[in-house]
Structure formats: structure tokens, C-alpha cells
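Below is one structure; the comments refer to it alone.
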Amino acid sequence: MALGWALFLLFATWCFNGTIIEDTDWSRIGGRRGVLASIGRYISLDLGLFKELIIPTIETIMMATVGTVLGCFFSLPVAWLGAKNVTPSIHILYPMGRFLMVLSRSVHEIVWALIFVSAVGLGALPGILAIAMRSVGFISKITAEAIENIDAKPVEAIRAVGGSEFQVMYFGILPQIYPVVLSTVIFEWDINIRRSAVMGLVGAGGLGLLFYRQMNSFNYGGVSMVILAILMLIILGEVISHYLRKSVI
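11 is the number of the first residue of the sequence shown in the numbering used here; add one for each residue after it.
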């Protein structure tokens, strides 16, 4: 145990030295006065930007909500394929379902947004699609694990009387996994508010786009105002998510 911690600290020290000590151009940072002056630019707030924050804030919430709903919709068939006890083909469709889960989680939402911006253009749509694609991996993985841990007796009873796969899913599985899935979707919606807030950095709408414009115009008070709006929106999403999940669980 002690040897493991010693090796970890040695590795962390090596990383710190390679990334911060040696790889940083300290001469460009300047003195303490210059650093404080740079930080001080963001202390003031451009209150005249308040009205311009309303529409992007609403758009950010809408992007997160629609993206989460779409992600949930696409997650169910992926979870069906990726659950060992219900997948139609353990050798073909099961690995396919698991691959889709990994693919969704491996590609960052900004990368998805860049892909969809190049495909459908600027605006909220590429942001929504990026959020949906990113949500599929997490929701489908949790849903698949919930399906694998269900009580098999209701499923066997429905199949014994000739029930279809849809009836098995709707009557035998969904009632058992509903609380888990709903709680996961609410949690993912909370995360997606954070994601949608920065989607505008690549032209996908929302508060991120306003943030990008303020940075380009060197309006540091406006940048601080957008950051404050994002912070308040995330806190609001956290509170709503907490009470919704508490009511479900």
C-alpha cells in the first residue's frame, strides 16, 4: 500500500514538473501587478447586458431539455440491445449496443457539436443533437444495468402466455426500471444544462454564443455577466434536479 502511494506521488510530481514547471512560459505571465490587473478586468459587471441574457438563457434551458428528451428516446433501444438478459442477439446486437454506449461517452459534446455544426449549420439544432448524442451513452448504460438486475419472473410469465417483445418491455421491464431511469434522466438533464451553456463557443447557440461574442469584443464586464448568468442557471438546475430526484426516489 505504501509503495503504491509512493509510486503515485512520484508519478504526480513528474507530471507536475513536465506540465507546469517546464512547459509554462513564465516570462509571458508577467509580474504580480500585471496578473492582478488582468483579473481585475473581470470584476466589473456590464449591467446593460442584462436584457440580452434573457433569450440565450431560455434557449440554453430549451437545448438541455430537448437534448435530454431525445437522448432518452434513443437510449431505450440501445439499452435493450446492450442488456444481456433481453438482447435479441448476444453475439451481434449485444456488442453493437455496448459499442454505441462507449462511442457516445467517448466523444466529447463539443466534438459532437462541431460535427453537427458542419452538417446542419449554426444555431440551437446542432447543440441539441450534440447533447442528445452525449446523453445516450450514460442513460443507456444505467438503463441496461437496471434491466440486467430486474426480477425475471414477470418477464417469463409474459413470454409464457405468448407476449411480444414490446409487451415484455412495456409490462414486464419498464415498471421495474422506471424509478432508476427517471432519476437518471433528471440527473442527466442537470448535467446537460452545464453542457448547453458552453455549446455556443462552437456556434451552437445559447449563453455560450453570447460569451464568445463578449470575449471577441473584449467586453470583460459582459464576460463576467455571462459567467454569472451561467452560474445562476447551473445552481437553479441543481436545485430543481435535487427536488425532482428526491420526489422520485
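For glycine and all other residues, C-beta sits at the position ideal for the given N, C-alpha and C.
With contact defined as three or more Cβ pairs closer than 8 Å, the stretch 242-255 and the stretch 199-215 are in contact. With fewer than 16 other CB atoms across the displayed protein chains lying within 10 angstroms of its CB, W24 is exposed. Cβ contact annotation for T67 (same chain, cutoff 7 Å, sequence separation greater than five): L217, A239, L243, in chain order.
Taking C-beta atoms under 8 Å as the contact rule, F126 and L139 qualify, at a distance of about 5 Å. Counting only residues of its own chain and dropping the five nearest sequence neighbours on each side, F181 has a CB closer than 8 Å to the CB of P164, I168, G173. V146 and G81 do touch by the CB rule: their CB atoms are close to 5 Å apart, below 8 Å. Annotation for F148: R115, E198 place their beta carbon closer than 7 Å to its own, counting only its chain and skipping 5 residues before and after.
Secondary structure at S174: coil, using DSSP grouped into helix, strand and coil.
Taking all protein chains in view, the Cβ of F221 is crowded by 16 or more other Cβ atoms within 10 Å, so the residue is classified as buried. Residue ranges of uninterrupted alpha helix (DSSP H) with 4 or more members, entirely inside the stretch 184-224 and ordered along the chain, are 184-208. Put simply, the backbone Cα of I31 is about 22 Å away from that of I49.
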